[in-house]
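**Q**
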């Protein structure tokens, strides 16, 4: 066929509505120009196997360690959502969406306004990612809780949901998004997608669908409608659009599940089909990651939480500084100099010597170490405008001397404090606190929560909300968490 | 750096919140594995140039032919939305979303329910694509009106919008989505995206943003938030998920514009940045298609409308059959046989000899020609269950003899009817009715509209709605169209 003929054909046929009803459409004939054929054919029924699992999985099936990690995931998420709830980004979202809210059945964490469940899911999801201080599934860099917990907390105020079912749905949602993320990471992320929003929408749909009692076919459709609504590009990082992504993933997944509940249909193989999600959105498709060992190995057990409100490249140094400070009861005035042996990335990414604003402090290893030594912490307050301008901290940061050193890995640091009285105090960190190897303790998670929620909720209420999260499994209604977490 | 080290680094750094604030993030260093470098660097400020144009373009700037095509686009869209408004798909969407609707300010075409503007935009967008009978921008196969008109018709009931401004916004929205579609078509479509949903969300955001009076920076953000919400995969074709896509593109774009109006920020270069929309979602990026000749050449003037409710591969044959029938006042009983010389694709795609249901009739050249000869039409009714079971049509379809013929292009047909009294009636079609070369007349568009709306709206109301569409430019309020188009 001559080329002009072929072009005409493409143009003409392309417009055909025939594509509507032939599986794969008119275009099943044309070769995708972008996606190399997968090494092996996709296993059949990936979407259906996953849907079946989510539909059937009962709370009793979950191992104790997974349930515990689920409660930690929940507590950490509620804390960061409350902490972010009065950021300008959330104020804007609330102002923009209030005129369009449906029946105001769902709470906003940390705030007094109420919204319909879809808008509430969006806003809570935004709030929880504002400080980039939420949970991380390290294998995929998905922040799992935002898309999932935001959707089902809103649902729990719409219909009766026991705490046990809520925790089960949360874990199944996290499992769904992280497994789908594993299947396409890193290629999918490298090319530019914000994987928390693109995989997260599946997590939201699965968890919401679970609580809505979808049957297997409906769950397949919910996942299909979720696949049709990926959210977020990495180009938006640095703007409010970044926290938009988990929020919109939450509301999109809920939207998908609500439609599927009424039998709004989709394709049966939206994840694995030739022109389905994984082939369209990634050059890597490892479907075994999605369907192997369902109910046996749990990605949801691999969740981690940040102890410090900044990029984890600085976490080892902050960890070391706080440990030395506490062990030696050091004051700023006792310190002569701080020597750090660091990986090159530390200076590359966080080399700002004289930050002027709180946000800049997040990119200054000098400030991070100094404030950690003065205040014994690395929370959101330690990266405020006030903190980076504090004369004591400013004075101390001039004494921080990082040196790029061969053999130091990014997750390591070698820190030595020389005191004015001539002592040399040394700390080597192999894995910083918050890593999989050195997880934050429950107590540390509580301290983080309290720090974030202080000034937003009364102290007694903060205690109450944390207790509700720890005891989620025995709550008669998961809505208690939403109500206690909202400002009254 | 050894590989294990690099992997650790990737994993560790990947989780870093530093990505939040460094443009391009931590990952600016890694090379995308999927997208070959564009042949030429992207022009700077593509998103901003487009946004500036949309913000500044006044109704007075539009040439008469573009305004006229805009009115035709509107009329065709209102007709197909009314026609699809009582399909099961729409009933399901209405049932699923009614409990979540905000203030019921916006009408559904062809129905009595009212919804908040975002849900109304979604549902009208779904309805208008149900029959795959809406408009087509042939260069990209985008169905332009669905995402755009659905969003701004809802807005027109929320705030005062003159008909002149409405038409301007409609055209600017269509222009935006088709230009962005041109930039990535065909690669983007080939890989699996449903381009009506992925490019359409930009059209919706631009048009809604125009009516909301966004300034240039806000319009940049609206386009950025739109870029974050592409909708739809081709794998869903054949399910309700297909019409979901233009509907969700409409509501997503409106959502983006409403947030941007309150200064919810995004990146400034979401379309063209290294990890922006075009590089992430396509291997082809022709930015000149987006920014060259803005206000001079109009993609919106290249819109086309289907005269027949089936894939356009059958349109030449239906066109020929209707012409011969009318010219010769042929009855089915006079016909001995019908010989068709067709392109191979016709039999490949529409070779069903004995369709049993209406939808199957859309894949039967035999039925299509027979029903066209009997009824002189190829509308939705001609592809009903009733039509494919009609004994006269069933009898005649057995006499349709298509032969694949070298030299016949897909947009052509050579049709000869042999009558029982020995005549041989011949018609060759170079370009079927509905193509750019042989556009549907205004009268034919009205006939299509009436056919679709009959039984849903009273006849006088049908006339009224069509007149409102033709006269959109002089309407004091575009909301009149929404109110007249709804069932009362």
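Chains as they are written, first to last, in the working numbering: chain A, 11 to 498; chain B, 11 to 498.
Here a beta-carbon is modelled for each residue, glycine too, at the ideal position from N, C-alpha and C.
Looking at chain A, is there any beta carbon in it that lies within less than 8 Å of the beta carbon of residue 251/B?
**A** Closer than 8 Å to some Cβ of chain A, the Cβ of residue 251/B qualifies, so yes.
**Q** Taking 8 Å as the CB-CB limit, is residue 376/A close to chain B?
**A** It does not: the Cβ of residue 376/A has no partner Cβ on chain B nearer than 8 Å.
**Q** Taking contact to mean at least 3 C-beta pairs separated by less than 8 Å, is the stretch 429-437 of chain B in contact with the stretch 403-410 of chain B?
**A** Result no; under three Cβ-Cβ pairs closer than 8 Å.
**Q** In the stretch 238-250 of chain A, which residues sit with their C-beta less than 7 Å from some C-beta in chain B, listed in chain order?
**A** Correct list: 238, 239, 240, 241, 242, 243, 244, 245, 246, 247, 248, 249 and 250.
**Q** Quick one: what does DSSP say residue 110/B is sitting in, helix, strand or coil?
**A** Residue state, collapsed to three classes: helix.
**Q** For residue 416/A, count neighbouring Cβ atoms within 10 angstroms of its own Cβ and tell me buried if that reaches 16, exposed if not.
**A** Flag for residue 416/A reads exposed.
**Q** For the beta strand (DSSP E) that contains residue 428/A, what are its first and last residues?
**A** It spans 423-429 - the beta strand (DSSP E) in which residue 428/A sits, taken as one unbroken run.
**Q** Using a Cβ-Cβ cut-off of less than 9 Å, give me the residues of the stretch 65-90 of chain B that come near chain D, in sequence order.
**A** This model lacks chain D altogether; the protein chains it does include are A and B.
**Q** Given residue 243/A, which residues of its chain have a CB within under 7 Å of its CB, disregarding the five upstream and five downstream residues?
**A** The answer, listed in chain order, is 202, 203 and 204.
**Q** Starting from the C-beta of residue 254/B, find all residues in its chain whose C-beta is less than 7 Å away, skip the five residues before and the five after it, and write them out in chain order.
**A** Cβ neighbours of residue 254/B beyond the five flanking positions: 136.
**Q** Would a check of beta-carbon distances place residue 271/A closer than 8 Å to chain B?
**A** So, interface residue.
**Q** At a CB-CB cut-off below 8 Å, which residues of chain B make contact with residue 102/A?
**A** Going along chain B in sequence order, the residues near residue 102/A (Cβ under 8 Å) are 269, 272, 273 and 274.
**Q** Taking only the alpha-carbon atoms, compute the straight-line gap between residue 453/A and residue 397/A and give it to the nearest angstrom.
**A** Taking the straight line joining both Cα atoms gives about 24 Å.
**Q** So what's residue 55/B in DSSP terms, helix, strand or just coil?
**A** DSSP places residue 55/B in coil when its eight states are reduced to three.
**Q** Between residue 147/B and residue 188/B, which are expected to be in contact by the criterion C-beta below 8 Å, what is the C-beta distance as a whole number of angstroms?
**A** Residue 147/B to residue 188/B, Cβ: 5 Å. Contact.
**Q** What residues match up with residue 464/A in a beta bridge as DSSP calls it?
**A** Residue 464/A is bridged to 467/A.
**Q** If you measure between the beta carbons of residue 261/A and residue 276/B, is that distance less than 8 Å?
**A** For residue 261/A and residue 276/B, no; Cβs fall outside 8 Å.
**Q** Whole angstroms are fine: how far does the CA of residue 77/A sit from the CA of residue 178/A?
**A** So the two alpha carbons sit approximately 8 Å from each other.
**Q** Give a yes or no on whether the C-beta atoms belonging to residue 459/B and residue 448/B are separated by under 8 Å.
**A** In this structure, residue 448/B does not lie closer than 8 Å to residue 459/B by Cβ.
**Q** Would you call the stretch 374-384 of chain A in contact with the stretch 339-358 of chain A, where contact means no fewer than 3 C-beta pairs closer than 8 Å?
**A** As far as the Cβ criterion goes, the stretch 374-384 of chain A touches the stretch 339-358 of chain A, which means the pair count is three or higher.
**Q** Suppose contacts are defined by Cβ-Cβ distances below 8 Å. Is residue 309/A in contact with residue 193/A by that definition?
**A** Contact: no.
**Q** Given that residue 230/B touches chain A, what residues does it touch there, using C-beta distances under 9 Å?
**A** Result: empty, since nearest Cβ-Cβ is about 11 Å, beyond 9 Å.
**Q** Can you look up residue 75/B in the DSSP assignment and give me helix, strand or coil?
**A** The answer is helix: DSSP assigns residue 75/B an H, G or I state.
**Q** Does residue 54/A have its Cβ less than 8 Å from a Cβ in chain B?
**A** Not an interface residue.
**Q** How about the stretch 101-114 of chain A and the stretch 57-65 of chain A: do they share at least three Cβ pairs that are nearer than 8 Å?
**A** Because the criterion of three Cβ pairs below 8 Å is not met, the stretch 101-114 of chain A and the stretch 57-65 of chain A do not touch.
**Q** In chain A, which residues lie less than 7 Å from residue 287/B when you measure between Cβ atoms?
**A** By Cβ distance, chain A contributes 243.
**Q** Between the Cα of residue 327/B and those of 360/B, 461/B, 394/B and 491/B, spot the shortest distance and give me the residue it belongs to.
**A** Looking at the Cα atoms, 360/B is the closest of the given residues.
**Q** Residue 105/B versus chain A: which residues are under 9 Å apart at the beta carbon?
**A** Within 9 Å Cβ-Cβ: 272.
**Q** Answer yes or no: do residue 215/B and residue 263/B have a C-beta to C-beta separation smaller than 8 Å?
**A** Yes, these two residues count as a Cβ contact at 8 Å.
**Q** Residue 280/A touches chain B at which residues, Cβ-Cβ below 7 Å?
**A** What residue 280/A touches in chain B: 243, 245 and 246.
**Q** Going by DSSP in three states, residue 43/B sits in which element: helix, strand or coil?
**A** With a pLDDT of only 39 at residue 43/B, under the threshold of 50, the placement of this residue in the model should not be trusted; the figure read from the coordinates follows. Coil, per DSSP.
**Q** At what residues does the alpha helix (DSSP H) containing residue 376/B begin and finish?
**A** That run of the alpha helix (DSSP H) goes 375-385.
**Q** Following the continuous beta strand (DSSP E) through residue 434/A, name the residue where it begins and the one where it ends.
**A** Residue 434/A -> beta strand (DSSP E) spans 434-439.
**Q** In terms of alpha-carbon separation, which member of 427/B, 249/B and 108/B lies closest to residue 133/B?
**A** The candidate whose alpha carbon is nearest that of residue 133/B is 108/B.
**Q** Restricting to runs no shorter than 4 residues, where is the alpha helix (DSSP H) found entirely within the stretch 300-327 of chain B?
**A** With a minimum length of 4 residues, no continuous alpha helix (DSSP H) run stays inside the stretch 300-327 of chain B.
**Q** Since I believe residue 270/B is in contact with residue 219/B (beta carbons under 8 Å), could you give me their beta-carbon distance rounded to a whole number of angstroms?
**A** With a Cβ gap of about 6 Å, residue 219/B and residue 270/B count as contacting.
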